[in-house]
Amino acid sequence: MEKFIQLTSKAVPLATENIDTDQIIPARFLKATDKLGFGEQVFRDWRFHKDGTINKEFPLNNTKYSGSILVAGDNFGCGSSREHAAWALVGYGFKVIVSSFFADIFKGNALNNGLLPVQVTEEYLKKLIVHLEENPTSKVIVNLEEQTIESEIGNASFEIDAYKKTCLLNGYDDIDYLISKKEKIAEFETQML
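Numbers given in our numbering equal positions in the sequence shown, counted from 1, plus 4.
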């Protein structure tokens, strides 16, 4: 995984609440076990009309919005526990998802795939979405070390599991983390003999 310390980016506002993993990546695209290609299908049924034409009203297709931060409504990633949802969001180019609540399994899958879920208050989220809709070129700064999010509407802090924070800051997956502790593990084993 890539190291994540701080990100400054424009953001895409998606005010919809209760976005479930089937909306993020529809079940018909889950045939592959490789992470590649899922980004093309993210929000497929919202990004395209039934006849296959692009839905220009959907925020990801709206040319005034861009960036690697998705600011979504409350209760993001609910529904089934498919890791493919995190794969699709990362594959599309998102590095941060901001919401006022994340489903636990989605949150874990996101962190395991280098996607940072930033949980803010409902009040901050609503103000940020409105601000981004009215100011699409506005930048958002997410600082993982400080656990803060900054924007023109003000700053907020967020919580993150200390272990997952360490992994993201260093670009570790679970195996990389264990390898980083190789000397301490060897030292412990020596003491136990």
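Where a beta carbon is used, it is the ideal one built from N, C-alpha and C, also for glycine.
message = When you compare the CB positions of Ala-160 and Thr-125, do they come within less than 9 Å of one another, or not?
response = To locate residue 160, count along the sequence shown from 1; it is residue 156. To locate residue 125, count along the sequence shown from 1; it is residue 121. For the 9 Å CB-CB criterion, Ala-160 and Thr-125 form a contact.
Span of the beta strand (DSSP E) around Ser-103 = Counting from one through the sequence shown, the residue named residue 103 turns up at place 99. Ser-103 -> beta strand (DSSP E) spans 100–103.
ask   = What's the call for Leu-182, buried or exposed, on a 16-neighbour Cβ count within 10 Å?
value = As a first step, residue 182 must be located in the sequence shown, where it is residue number 178. Its Cβ having fewer than 16 others within 10 Å, Leu-182 is exposed.
message = Restricting to runs no shorter than 3 residues, where is the beta strand (DSSP E) found entirely within the region 36–110?
response = Within the region 36–110, the complete beta strand (DSSP E) runs of at least 3 residues are 73–76, 100–103.
Boundaries (first-last residue) of the beta strand (DSSP E) holding Lys-14 = Your numbering for residue 14 matches position 10 in the sequence shown. Unbroken beta strand (DSSP E) run through Lys-14: 10–18.
ask   = Does the distance from the CB of Val-144 to the CB of Ile-153 come in under 9 Å?
value = For the purposes of this step, residue 144 is identified with residue 140 of the sequence shown, where counting begins at 1. For the purposes of this step, residue 153 is identified with residue 149 of the sequence shown, where counting begins at 1. If you check the CB distance, Val-144 and Ile-153 come in under 9 Å.
ask   = Expressed to the nearest angstrom, what Euclidean distance is found between the alpha-carbon atoms of Gly-77 and Gln-195?
value = For the purposes of this step, residue 77 is identified with residue 73 of the sequence shown, where counting begins at 1. For the purposes of this step, residue 195 is identified with residue 191 of the sequence shown, where counting begins at 1. In a straight line, the C-alpha of Gly-77 is about 51 Å away from that of Gln-195.
Whole runs of the beta strand (DSSP E) within the region 104–173, excluding any shorter than 3 residues = Qualifying beta strand (DSSP E) stretches, in chain order: 120–123, 143–147, 152–155, 158–161.
key: Which of helix, strand or coil DSSP assigns to Asp-180   = Position 176 of the sequence shown holds residue 180. DSSP places Asp-180 in helix when its eight states are reduced to three.
request  = Under 8 Å Cβ to Cβ from Asn-22, same chain only, skipping five residues before and after it: list those, please.
outcome  = Translated into positions along the sequence shown, residue 22 becomes position 18. Within the same chain, Asn-22 has close Cβ partners Gly-77, Asp-78, Asn-79, Cys-82.
key: Ile-183 beta carbon near the ligand GTP (any heavy atom closer than 8 Å)   = This structure simply doesn't include the ligand GTP, nor any ligand for that matter.
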